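Chains A, B and C supply the protein sequences, listed in that same order. Residue 235 in the numbering used here sits at position 235 of the first sequence, with consecutive numbering throughout. Residue 674 in the numbering used here sits at position 327 of the second sequence, with consecutive numbering throughout. Residue 1032 in the numbering used here sits at position 183 of the third sequence, with consecutive numbering throughout.
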Amino acid sequence: MPFRWRNSHLFWPLAALGGLLLINLLLKPEFFAIRYQNGHLYGSLIDILNFGSPLAIVAVGMTLVIATRGIDLSVGSLVAISGAMACLTISRGADQQSLHLVLGAVLLALAVSVALGLWNGLLVAGAGIQPIIATLILMVAGRGIAQLITSGQIITVTSKPYHFIGAGWLFTLPFSVYLAALVFLFAAWMTRRTSLGMFIEAIGCNPAASRLAGIRSRSILLAVYMFCALCAGIAGLITSSNVSSADGNNAGLWIELDAILAVVIGGTSLAGGRFSLAGTLVGALLIQTLTTTIYMLGVPPEITLVVKAFVVLAVCLIQSPSFRRAIAARGVPRKPVASRQEVSRHG
Amino acid sequence: MSENRPILKMTGIHKRFPGVHALNGVDFRMFAGEVHALMGENGAGKSTLIKVLTGVYPIDGGEVEWEGRPFHPRSPLEAQQAGISTVYQEIHLCPNLSVAENIFIGREPRKFGRISWRAMNRAAEALLAERLNVKLDVTRPLGSFSIAVQQLVAIARALNISARLLILDEPTSSLDRDEVNRLFAIMRHLKRQGLAILFVTHFLDQVYEVSDRITILRNGRFIGEYPTRELPRVELVQKMIGKDLDLLGSLPKRTPPSAGGERPFLQAAGLGRKGGVEPFDLAIGSGEIVGLAGLLGSGRTETARLLFGADRADQGKCFVEGREAKLDSPRKAIDRGIAFCSENRKAEGIIEDLTVRENIILALQAHRGWFRALSRRRQEEIADEYIRALDIRPADPEQLIRNLSGGNQQKVILARWLLMNPRLLILDEPTRGIDVGAKAEIQRLVLSLSEKGMAVLFISSELEEVIRVSSRVAVLRDRRHVRHLAGVEIRQSAIMQAIAGG
Amino acid sequence: MVDRKYIPLLVTIGLFILMFLAGSLRYPGFLSTQVFMNLLIDNAFLLIVAVGMTFVILSGGIDLSVGSMVALTTMLSASLIMQAGWPPAAVIPLVLAVGTSFGWMMGAIIHYFQIQPFIVTLAGMFLARGLCYVISIDTISINHPFYTKMALAKIRLPGGSFISIGVVIALLVVLLAVYLAHYTRFGRNTYAIGGSESSAVLMGLPVARTKMLVYAFSGFCSALGGVVFTFYMLSGYGLHAVGLELDAIAAVVIGGTLLTGGSGYVIGTFFGVLIQGVIQTIITFEGTLSSWWTKMVIGLLLFLFILLQRVFTARTARGRSV
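Given below as structure tokens:
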């Protein structure tokens, strides 16, 4: 039955998240405390939602890219570019508090992000360059672009409307949580209500068969890379508005790796095909919870990296068929099979 | 040829895979200094036999004797070291390395632990000149040479590892006539040097041109071993194709369609593609079933792919309902009402990760675009309808298609295209690898579709099947459309004659 | 007529000469041996790391862990020398062994479990970086006499210019790597695997061993680069060499090595590193240009070289099919 099957994808990430929460419950019960103050909710759980939202947004975009058998390494740079673009526009404006100005800045930043996504998409779908290589270009050059925009400085803005995006509150919850929810719902709607999701899965699973079925893979790939860049742009706005400044150097640093990790934890295979947006969301929450937990336990936060390393490895090993075979046979396979060798020839 | 001791003797070989008895008591032997052709249609067991011989698979039963001793290689490498080397159609060498390196890598001549390039290049030149009679710039990367030359390099590598038995698996399928001639000259040259050559090919002309002896397999069984000059071509074809009259008794007798007069739905004029199929003329009318008969590799699939735009034609024209149509992508063909079920179900048909329902609606949805999505309810209705109509099992639209049997996967792909209500349905081996019952069902379905006015291009390796469903048959040999038969001309003997040619 | 396979390499060398000449024409004092030597001095560690990366990319893989491995090496060296009081003669072999086995393990996981190198070395990157912080979150300065001597040593060259110990090590590594790549079976097997791994298996080459050795070599180079970096910085710090993997990859690609593996030269990487150095030097000389232009120019060069490679491979593929 379809439902049980879907749920089994979510089972492991959810179990891991539950386990992590359990650790917190045992070691630091105050982790679960939520205070209500000035119409806002406060507490570690709220923090996780709040600080996790940029990652969740980027990871949603990344999910779709990975589902097409691609990858987008440039999202971290895009986060920096988008924030820099918005802050620059606002700082140049006459009245930083003007809603028009902020709206214009936001739209400009997102437009730039989408244009850069189009660039990635053209390299992948048009020029046929491997995604990992194609997006590496923007990953390197994008940092430079971001610093060019900020002239290497940290641009600080005093705009209240802009600050609201990443640090405002709405109906007791941080505004960024709503943004993340919106992006998630939009992606879910686009992929499940229209047939985009099915086409993405078809392309990722079997490009040759998809072509013979008449799917326009090129335009879908373009759309997916543009959407992923849009997500990175939104995350960039949240990140920079949260601190009311843009830092071309450090904004969004390593977020591409966390996003890929969230997608993989969520059960979407790096080989493309079936994807799970809900799984990605759980993956992103798991990563953020891990960070917060380590922080709460008083361990130096940098050690999160060590834990992450083992999580990445564990998840990938579980996904690796040869590892499972090796475990089943209780030994390391002597020789990996030369895969895809024996595709039958035809007449 | 003197009947001295064979260098290779395989007796009563059995090999089973889940659900398939791939080799069922096969005998095979080879002598030094002969070219031996291994013949058989799809599923005959040729490639399994080669894989068993070269240590890719272990055998389940029987005996192998190599140079007088029992022989059970556990890997291709071991077989290679014992003197059995294979050169495949796809070159398994490294295009980025030089010719000399490709011959010697792993065994490079060294001086004080350092690879001696000069010695290696010289040895490669000498080897190519002496054994193959060719001169090449051995320092150039392999990838800069044609496939034909790369094949020679692969042969040189095999010879250098002291091969006594050389297996050439479809070596000529990507070569032009001159290159084939050169390869044959080399094969004769090597034969005189005492090498045993096992030659696998689809091309009958080539078998008669170069081989001394033929072994025929069919459905995993040994049919016979014959000296080439004592086996007439028609007999060879008959033995390869065999007769399978038992399973289709229940099929209704087809009424011949109203012949001619009408404008055909699709007409190809001089359509062709280099390296695929030579230019051909073909017309398919509405309500007509045109069969394509020919051996594996004769250009059947290539014909179908050109008509569907899966490959681009480099010459000729195509007309749909009298108007010229540039079919250079599947989308365009689909827009014109053409549908194509590929023979390669797994690689080009099903999307394994998707459900039966999604696989069924895929082409229709692609045709409608992203936003005009079929509602979930409509999708389910469609899926249910076709699952019932084609009796797809299990009758669960949400089952992942990878969990279905081959026959049921085939029906899902059929459903995908029937849903498009095509004017022309191209079926490439729609009944391959599926059980007898499903086979008959699909044939009956094809007939009923044509009665409703659909044009069908039906491709099959099974002659019986082609004869039974087709109102006209185009016969292909060696990538050429050699004969068109209609009405009473469609007889097994006539088709076999045409396939055998010569 | 030049052999086609040398074209990317010649483009790289030509580009370097062009950039160096452009700088010389524009800025007085640019055209001197010492400016050239400074390119080497400032990029010695990058050169060493990029050489290891070259082998990995030649084999068709990628190694994201190199920057973190450099940091871990500085950290291990600093803490063992300053906090544990070990002698350098013990510390240096130890860190080299750590780097090598770290790489070897990643190679083993990549090969035996068939996980993408990108992911495995990503985990390696996290792990090595995290281990730095396990040792210490702060900078550990080194004032051991051996290290300060190494840092300050200048090797005079005829003509009045000088180089550092790090440069000598880096050049030795380049020579060793050229020898490995072209005159040993290990090197040739690496090229073969990059050209076609499945063919390499069928040709009976030791694919498993070679792949593990390639990552082990990259790990060794990272650790050695870390040692040189320690001489250069005289400290261990978890934030050392952040993003170095990107510089190394860029150097390899700009050096004309195909990112899909199988084609390229160590010498190309040498010039790829020098090109990055020249860009930085020009920007320093210009004064008004800021450092981020380096990244943009490197990104642009990456784009051009990837495009060049794409055209190049497409053409050879077509040439083959006809």
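Ideal Cβ positions, reconstructed from N, Cα and C, are used throughout, including at glycine. Since the model is a prediction, treat every value here as computed from it, not as a measurement.
Residue i: first and last residue of the uninterrupted beta strand (DSSP E) it sits in
| i | result |
| --- | --- |
| B:Ile773 | 771-775 |
| B:His828 | 827-833 |
| A:Glu201 | Careful: A:Glu201 lies outside any beta strand (DSSP E), inside the alpha helix (DSSP H) at 196-205. |
| B:Cys665 | 662-667 |
| B:His368 | 367-377 |
| B:Trp413 | 408-413 |
Chain A contact for residue i (CB, 9 Å cutoff)
| i | result |
| --- | --- |
| C:Leu845 | No answer is possible for residue 845 of chain C: it lies beyond the span of chain C, which begins at 850 and ends at 1171. |
| B:Gly541 | no |
| C:Gly1053 | no |
| B:Ile431 | no |
Residue span of the alpha helix (DSSP H) that contains residue i, given as start and end
| i | result |
| --- | --- |
| C:Gly1053 | It is not in any alpha helix (DSSP H) - C:Gly1053 carries neither H nor E in the DSSP assignment. |
| C:Ala1019 | 1014-1032 |
| A:Gly233 | 217-242 |
| C:His960 | 937-962 |
| B:Asp302 | In the structure as shown, chain B starts at 348 and stops at 849, and residue 302 of chain B therefore has no counterpart that could be examined. |
| A:Val372 | This structure cannot speak to residue 372 of chain A, because chain A is shown only from 1 to 347. |
| C:Ser873 | 856-875 |
| B:Pro423 | 423-429 |
| B:Glu728 | 723-736 |
Neighbour flag for residue i against chain B, beta carbons, 9 Å
| i | result |
| --- | --- |
| C:Gly1105 | no |
| C:Gly910 | no |
| A:Cys205 | yes |
| A:Ala209 | yes |
| C:Lys1191 | Any answer about residue 1191 of chain C is impossible in this case: the structure gives chain C only from 850 up to 1171. |
| C:Val860 | no |
| C:Tyr1040 | yes |
Residue i in three-state terms, based on DSSP
| i | result |
| --- | --- |
| B:Trp717 | coil |
| B:Leu385 | strand |
| C:Gln1129 | helix |
| C:Gly909 | coil |
| A:Arg35 | strand |
| B:Trp464 | helix |
| B:Pro603 | Any reading at B:Pro603 is ruled out, since the residue's pLDDT is 49, under 50, leaving its predicted position unreliable. |
| B:Pro626 | strand |
| B:Leu658 | A quick correction: the sequence has Asp, not Leu, at residue 658 of chain B. Note: B:Asp658 maps to coil in three-state DSSP. |
7 Å CB neighbourhood of residue i in its chain, flanking five on each side removed
| i | result |
| --- | --- |
| C:Pro936 | none |
| C:Gly1043 | Leu907, Ser908, Gly909, Gly1110, Gly1111 |
| B:Gly596 | For B:Gly596, the pLDDT reaches just 45, beneath the cut-off of 50, and the residue's location in the model is therefore unreliable, although a value from the coordinates is still provided. Contacts found: none. |
| B:Val382 | Met534, Lys538, Ile544, Phe546, Val557, Ser558, Asp559 |
| A:Ile400 | Residue 400 of chain A lies beyond the stretch modelled for chain A, which goes from 1 to 347, so this question has no answer here. |
| A:Ile145 | Ile81 |
Cβ of residue i within 9 Å of any chain C Cβ
| i | result |
| --- | --- |
| B:Leu513 | no |
| B:Glu625 | no |
| B:Cys441 | yes |
| A:Gly19 | no |
| A:Pro300 | yes |
| A:Val307 | yes |
| A:Phe275 | no |
Contact set for residue i: own chain, Cβ-Cβ below 8 Å, skip 5 residues either direction
| i | result |
| --- | --- |
| B:Ser509 | Gly430 |
| B:Glu728 | none |
Spatial neighbours of residue i in its chain, beta-carbon cut-off 6 Å, leaving aside the 5 residues before and after
| i | result |
| --- | --- |
| C:Glu1094 | Leu913, Val915, Gly916 |
| B:Lys679 | Gly656 |
| C:Phe865 | Phe1120, Leu1123, Ile1124 |
(request) Could you name the residues of the region 98-116 of chain A whose beta carbon sits closer than 7 Å to any beta carbon of chain C, in the order they occur along the chain? (result) Only those residues of the region 98-116 of chain A whose C-beta falls short of 7 Å from the nearest C-beta of chain C would be listed, and there are none.
(request) Please list the residues of the region 1014-1038 of chain C that have a C-beta atom closer than 9 Å to any C-beta atom in chain B, keeping them in chain order. (result) Within the region 1014-1038 of chain C, the qualifying residues are Tyr1028, His1031, Tyr1032, Thr1033, Arg1034, Gly1036, Arg1037, Asn1038.
(request) Closer than 9 Å, Cβ to Cβ, to anything on chain C: give me those residues from the region 410-424 of chain B, in chain order. (result) Listed in sequence order: Ser422, Pro423, Leu424.
(message) What are the residues in the region 1065-1091 of chain C lying within 9 Å of chain A by C-beta distance?
(response) From the region 1065-1091 of chain C, only Gly1087, Val1091 have a Cβ closer than 9 Å to chain A.
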